[in-house]
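Chemist: To start, I am sharing the structure in question, which I have written as structure tokens.
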Amino acid sequence: MNGIPSSTYFSAPPEWGWLIVLYFFFGGLAGGCYFLAALIDLIGRPEDRPLARLGYYIAFPCVILSGLLLTLDLTRPLRFWHMLIESNTFRPMFKYWSPMSVGAWALLIFGIFALISFLGALTEDNRLNWPAARKFRPPGTLSKIIGGIGGLFGFYVAGYTGVLLAVTNRPIWSDTPLLGMLFIVSAASISAALMILLARRSRWTMPGLLALHRMDGWVIALELIVLIAVMISLGPVFRAWVNAWGLLLFFGVIVVGMLIPLALHWRRQWLGDRNLTTAAALVLVGGFILRLVIVFSAQGV
Amino acid sequence: MAEPMGFYTDTTVCIGCKACEVACKEWNQLPSTNGGVNTLSGDSYDNTRQLDGIHWRHVKFIEQFTEDRKDGRWLLMSDVCKHCVQAACLEVCPTGAIVRTEFDTVVIQSDTCNGCRDCISACPFGVIEINPVSGTAQKCTLCYDRLQGGLEPACSKACPTQSIQFGTISDLKGRAQKRVEQLHQAGEKRAYLYGADDKMLGGLNSFYLLVDKPEVYGLPPDPKMPTRNLTSGTAFSFLGALLVGLIGIFNFRNRGAADREEARQ
């Protein structure tokens, strides 16, 4: 093909820029933190619940921010509701085969769950006086249903963006089916990192923190494997990363965001007290650069 | 539904006059680039550069010459939306702005589009862009308004060499096939039709007669539907969620000894 690695090279870039990079990051945090919080509620111990509440405190503002970022990115922002309601007929607009259509609904439904759990957490912390909202928190069946369904929607919000990129005809994005998986695993890792960072910052001595930290180590290792699988699955299109983007991916994401944090997990005594927080901060930086490289590199081709 | 209508573009008789571009811009009231200030691309006689929100026709100039320019040929091609039978843009559009008309053509309704730009990245041909005036994604409508009024599209009407031919798809395919045979008999064995059969995206309702490989004309050799990745992408995402969930369960359940060990450190 005259040295052109894929038929995807004839499509045009959609000019998704910084707003989308930020959305992928904060949407990942929203979904990931909610999922982790729900997981801690469902299988953790009662003394872990402050950690779960921290997750809900992060998830709700992040999902609001996500909606704002997506709306601002539209070239006609006031028509944001056209994603949900068909503007000519006022019937619901839903296409199960279009990730952006499903994602718009998922974000809305997830937002409702994030709000419910946010209010529940405020009540449990005695920051909000609304006794009915206490039912949104464990123990109790209602809290398990909310956490279970909301957690699944959270993961959907964290991962559908990768599937959305794959369901296009752009180079890199549509040349691998693994971006959704990469974004889900990365969302879990950056969310665990942010929760560790905020929990330490507020000098809480949360019982589940060490478990979360150990979990993050495993998730980072998984993310590294998935990222390498992405590179292999690109085949000849991998050439699109043999440039400055590839360098940024290698040093910013793999070295700074994965290998150094993994080394800090392994050698706990290196930085003493700051070991956990340094690793977490680097994971967040790497997660941001990952989304930056994936969004921008495919549009420069 | 009316019979499927479309374009057959015979690139071998295009003379690069750009009458199609001008007719398209006039009829559809598309603005000029850069406020009308003339900027040269430096790429042969092509100063349109690409199909986008305000260029729905684009004449490509491909110079195939030897270094000393004593021998060679021009390839000229008027590019346009392919009005695919299986249309990638229509498939992904989350607002329902992109529709298939009674003429089997693909049209973006500007009053519904909110500018999410999913269609831009989905189109395998790079046809769609945002029109800065409307702020919505736009492309060739195959002159839907003219078709409804019983007229032929502006570009084919203006084409002085019948390089762009408009008609029913079945009629156009017959004409195109005869032209390929004629060219083969005359010694131009490289002539073939691009997108005329249903193997390419179910068939392109705007198809081409070419005399070189598709990529020479800036056309993808093997365009595909975006949803080819939907099932596999979703399945791998579920696998990712499952693995993360298992890691979480494992680390939050079995932690008595591990916690004591870490606390000791």
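Chains as they are written, first to last, in this note's numbering: chain X, 1 to 301; chain H, 1001 to 1265. All residues carry an ideal CB built from backbone N, CA and C; glycine is no exception.
(1) Rounded to the nearest angstrom, what separates H/Phe1252 and X/Tyr160 at their Cα positions?
(2) Can you check whether the C-beta of H/Asp1068 is within less than 9 Å of a C-beta belonging to chain X?
(3) Given a cut-off of 9 Å on the beta-carbon distance, is the pair X/Trp245 and X/Met231 in contact?
(4) Please list, in chain order, the chain H residues whose beta carbon lies closer than 7 Å to that of X/Ser7.
(5) For X/Ala12, which residues in chain H fall below 9 Å Cβ to Cβ?
(6) Out of curiosity, what's the CA-to-CA distance linking X/Phe10 and H/Asn1205?
(7) Where does H/Gln1109 sit, in a helix, a strand or coil, going by DSSP?
(8) Alpha carbon to alpha carbon, how far is H/Gly1233 from X/Asp175?
(9) Please list, in chain order, the chain X residues whose beta carbon lies closer than 7 Å to that of H/Leu1239.
(10) Along the chain, which unbroken stretches of the alpha helix (DSSP H) at least 4 residues long are found entirely within the segment 48-99 of chain X?
(11) At 3 residues or longer, what runs of the beta strand (DSSP E) sit wholly inside the segment 187-263 of chain X?
(12) As a quick exercise: from X/Phe118, X/Leu152, X/Thr277 and X/Leu248, pick the residue whose alpha carbon is nearest that of X/Pro261.
(13) Looking at X/Ile294 and X/Leu234, is the spacing between their C-beta atoms short of 9 Å?
(14) Return no unless some Cβ of chain X is closer than 9 Å to the Cβ of H/Gly1245.
(15) Let me see if you follow: with CB-CB separation under 9 Å, is H/Phe1236 close to chain X or not?
(16) Considering only residues of the same chain and omitting the five flanking positions on each side of X/Met1, which have a CB-CB separation below 7 Å?
(17) Between the segment 131-143 of chain X and chain H, which residues of the former have CB atoms less than 8 Å from a CB of the latter, in chain order?
(18) For chain X, check one thing: does any of its Cβ atoms lie closer than 9 Å to the Cβ of H/Glu1190?
(19) DSSP has H/Lys1060 in a bridge; who is on the other side?
(20) Please classify X/Thr141 as buried or exposed, where buried requires at least 16 other C-beta atoms within 10 Å of its C-beta.
(21) In whole angstroms, what separates the C-alpha of X/Gly208 from that of X/Ile228?
(22) Given a threshold of 16 other Cβ atoms within 10 Å of its Cβ, counted over all protein chains shown, does X/Asn169 qualify as buried or as exposed?
(23) Restricting to Cα atoms, I'd like to know which of X/Leu68, X/Ala37 and X/Leu69 is closest to X/Leu54.
(24) Got a sec: does the ligand SAM put a non-hydrogen atom nearer than 8 Å to the Cβ of X/Val230?
(25) When you compare the CB positions of X/Ala12 and H/Gln1177, do they come within less than 9 Å of one another, or not?
(26) Taking C-alpha atoms, which residue in X/Ser186, X/Asn88, X/Leu259 and X/Ile109 lies nearest to X/Phe288?
Modeler: Let me lay it out:
(1) The residue given as residue 1252 of chain H occupies position 252 in the second sequence. The residue given as residue 160 of chain X occupies position 160 in the first sequence. Cα-Cα distance, rounded: 26 Å.
(2) One-based indexing of the second sequence puts residue 1068 of chain H at position 68. No, H/Asp1068 lies away from the interface with chain X (no Cβ there is under 9 Å from its Cβ).
(3) Indexing the first sequence from 1 puts residue 245 of chain X at position 245. Indexing the first sequence from 1 puts residue 231 of chain X at position 231. The beta carbons of X/Trp245 and X/Met231 sit no closer together than 9 Å.
(4) Counting from one through the first sequence, the residue named residue 7 of chain X turns up at place 7. Near X/Ser7 (Cβ distances below 7 Å), the residues of chain H are Pro1124, Pro1220, Pro1221, Asp1222, Pro1223 and Lys1224.
(5) Here residue 12 of chain X refers to the residue found at position 12 of the first sequence. Listed along the chain, the chain H residues whose CB falls inside 9 Å of the CB of X/Ala12 are Gln1050, Leu1051, Asp1052, Ile1120, Ser1121, Cys1123, Phe1125, Gly1126, Val1127, Ile1128 and Glu1129.
(6) Taking the first residue of the first sequence as 1, we reach residue 10 of chain X at position 10. Taking the first residue of the second sequence as 1, we reach residue 1205 of chain H at position 205. Computed Cα separation, rounded: 19 Å.
(7) As a working mapping, residue 1109 of chain H is identified with position 109 in the second sequence. The three-state reading of DSSP puts H/Gln1109 in coil, since its state is none of H, G, I, E or B.
(8) Against the second sequence, residue 1233 of chain H aligns to sequence position 233. Against the first sequence, residue 175 of chain X aligns to sequence position 175. Distance between the alpha carbons of H/Gly1233 and X/Asp175: 11 Å.
(9) Working through the second sequence from its first residue, we reach residue 1239 of chain H at position 239. Under the 7 Å cutoff, chain X gives Met181.
(10) With a minimum length of 4 residues, the continuous alpha helix (DSSP H) runs that stay inside the segment 48-99 of chain X are 49-73.
(11) Here no run is fully enclosed.
(12) Against the first sequence, residue 261 of chain X aligns to sequence position 261. Among X/Phe118, X/Leu152, X/Thr277 and X/Leu248, the Cα nearest to that of X/Pro261 is on X/Thr277.
(13) Taking the first sequence and counting its residues from 1, one reaches residue 234 of chain X at position 234. Taking the first sequence and counting its residues from 1, one reaches residue 294 of chain X at position 294. It is not a contact, given that the beta carbons lie outside the stated cut-off.
(14) As a position in the second sequence, residue 1245 of chain H is number 245, starting the count at 1. The C-beta of H/Gly1245 comes closer than 9 Å to at least one C-beta of chain X.
(15) Here residue 1236 of chain H refers to the residue found at position 236 when the second sequence is read from its first residue. Answer yes: the Cβ-Cβ gap between H/Phe1236 and chain X drops below 9 Å somewhere.
(16) Taking the first residue of the first sequence as position 1, residue 1 of chain X is located at position 1. Caution is warranted here: a pLDDT of 45 is assigned to X/Met1, below 50, making its placement in the model unreliable, and no coordinate value can be reported.
(17) Listed by position along the chain: nothing, the set is empty.
(18) Working through the second sequence from its first residue, we reach residue 1190 of chain H at position 190. Contrary to the premise, residue 1190 of chain H reads as Arg rather than Glu in this sequence. Closer than 9 Å: no.
(19) Counted from its first residue, the second sequence places residue 1060 of chain H at position 60. Its beta-bridge partners are H/Met1077.
(20) Within the first sequence, numbered from 1, the residue matching residue 141 of chain X stands at position 141. Exposed: under 16 other Cβ atoms inside 10 Å.
(21) Counting from 1 along the first sequence, the entry for residue 208 of chain X is found at position 208. Counting from 1 along the first sequence, the entry for residue 228 of chain X is found at position 228. So the two alpha carbons sit approximately 30 Å from each other.
(22) Walking along the first sequence from the start, residue 169 of chain X turns up at place 169. Here X/Asn169 is buried. Its C-beta has 16 or more other C-beta atoms within 10 Å.
(23) Indexing the first sequence from 1 puts residue 54 of chain X at position 54. If we check each option's Cα against that of X/Leu54, X/Ala37 comes out closest.
(24) Judged by which ligands are present, the structure shown has none, so any question about the ligand SAM falls away.
(25) As a first step, residue 12 of chain X is located in the first sequence; it is residue number 12 there, counting from the start. As a first step, residue 1177 of chain H is located in the second sequence; it is residue number 177 there, counting from the start. For X/Ala12 and H/Gln1177, no; Cβs fall outside 9 Å.
(26) On the first sequence, residue 288 of chain X is found 288 positions in, with the first residue counted as 1. Of all alpha-carbon atoms in X/Ser186, X/Asn88, X/Leu259 and X/Ile109, the one lying nearest the alpha-carbon of X/Phe288 is that of X/Ser186.
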